[in-house]
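Structure first, commentary second.
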Amino acid sequence: AQAPPEFFPYGIYSVPEMSTIGMTEEQVREKNIPYECGVARFRETARGQIMGLNAGFMKMIFSIETRRLLGVHIVGEGATELIHIGQAVLNLGGTLDYFVENTFNYPTLAEAYKIAALDAWNRMPRKQASVTAHEDAMAALERFAKAARLG
């Protein structure tokens, strides 16, 4: 099946290279989608350090509600090669969890995907599930104690 045009990667073969796929922050805001971004600088990757890269970065945009990948934007060395990982995950409806849980070849600039995903994950609001579970358990305990006193 052919991917929709919004999932076609775009590359600009300049110095530095630039590549993009999916939605931009502006498009996400226009659609009122709650989102979070994660950023990785190439100098943060082992490969970037080996290559002596001081420039270059990747920005990933994720839905807060579904954790789905919404867009990837890369500026720097190999941007037009790196974008295809984001393209595959977008086309398959992948989420932030794919990037956090998987291992990327090391040392490569593709490690930036994991770094950017972890950055987004660290910025996302945390659910209060543990507080709710604790409150539910305490309420059940109180009901049990009350029933025991009445019985």
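Per the numbering used here, the sequence shown starts with residue 4, numbered consecutively. Here a beta-carbon is modelled for each residue, glycine too, at the ideal position from N, C-alpha and C.
The residue from I36, R71, L112 and M127 with its alpha-carbon nearest to that of G59 is L112. Per the coordinates, the alpha-carbon of T83 lies some 11 Å from the alpha-carbon of G89.
For V78, the CB contacts under 7 Å within the same chain, skipping 5 residues up- and downstream, are P19, M21, G59 and F60 in chain order.
For I64, the enclosing beta strand (DSSP E) has its first and last residue at F60 to S66. Its chain contains A115 and I118 as the residues whose beta carbon lies nearer than 8 Å to that of E47, once the 5 sequence neighbours on both sides are disregarded; these appear in chain order. Burial state of P12 is buried, judged by a 10 Å Cβ sphere holding 16 or more other Cβ atoms. Counting of Cβ neighbours within 10 angstroms places I24 among the buried residues, the total reaching 16 or more.
In this chain, the alpha helix (DSSP H) harbouring G89 covers A82 to N94. Rounded to whole angstroms, R146 and Y101 show a C-alpha spacing of 42 Å. N108 and R70 have their C-alpha atoms spaced approximately 23 Å apart. In this structure I64 touches M26 by the C-beta definition: roughly 6 Å separates them, less than 8 Å. In this structure A49 touches P110 by the C-beta definition: roughly 4 Å separates them, less than 8 Å. The Cβ neighbour count for A123, taken over all protein chains shown within 10 Å, is at least 16; the residue is labelled buried.
DSSP places V31 in the helix class (H, G or I) of the three-state scheme. The distance from the Cβ of L121 to that of G41 is about 7 Å, consistent with a contact at the 8 Å cut-off.
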